[in-house]
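Asker: Number 201 marks the last residue of the sequence shown (this note's numbering); no jumps.
Just so you know, even glycine gets a beta-carbon here, dropped at the ideal spot from N, CA and C.
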Amino acid sequence: MYITNTETVPDGEIVEVLGIARGNTVEARNVGRDITQGLRNVLGGELKGYSELLSKARDEAIVRMEDDAERMDADAVVNVRLETSQITDGGSEVMAYGTAVRLR
């Protein structure tokens, strides 16, 4: 399965648009991480615990989008985009979406 943020697939001709493939996940912070990241926030520097959490969430959203595209019998997902939004004080949603297509 090709996953790309461009409108086309190199060396591939899109012959059918199948619809929007999407995948999302909601990840919650944990209390222990909040304490250590809170200290880091005061002292300065990257909040690595949160960076890792969001990276894991992005990867999971992309896998779920790919699974959705496979259910549509797609060969590729083009124009892939990622969005993040806060759902609650302690949780964020990451969504991956793009256009599922068939290639010649």
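Put residue 98 into one of helix, strand or coil per three-state DSSP.
Answerer: Here residue 98 sits in coil by DSSP.
Asker: What residue from 109, 115, 102 has the CA that sits closest to residue 171's CA?
Answerer: Cα-wise, what sits closest to residue 171 is 115.
Asker: Please give me, in chain order, every unbroken run of the beta strand (DSSP E) with length at least 3 that falls completely inside the stretch 146–200.
Answerer: Listed in chain order, the complete beta strand (DSSP E) runs (minimum 3 residues) inside the stretch 146–200 are 173–185, 188–200.
Asker: How many Å lie between residue 158 and residue 189 at the Cα?
Answerer: Using only the alpha carbons, I get a separation of about 12 Å.
Asker: Should residue 124 be labelled buried (16 or more other beta-carbon atoms within 10 Å of its own) or exposed?
Answerer: By the 10 Å Cβ count, residue 124 comes out buried.
Asker: Is residue 163 buried or exposed, if buried means 16 or more other CB atoms sit within 10 Å of its CB?
Answerer: Buried.
Asker: With H, G and I counted as helix, E and B as strand and the rest as coil, what does DSSP make of residue 104?
Answerer: Correct three-state label for residue 104: coil.
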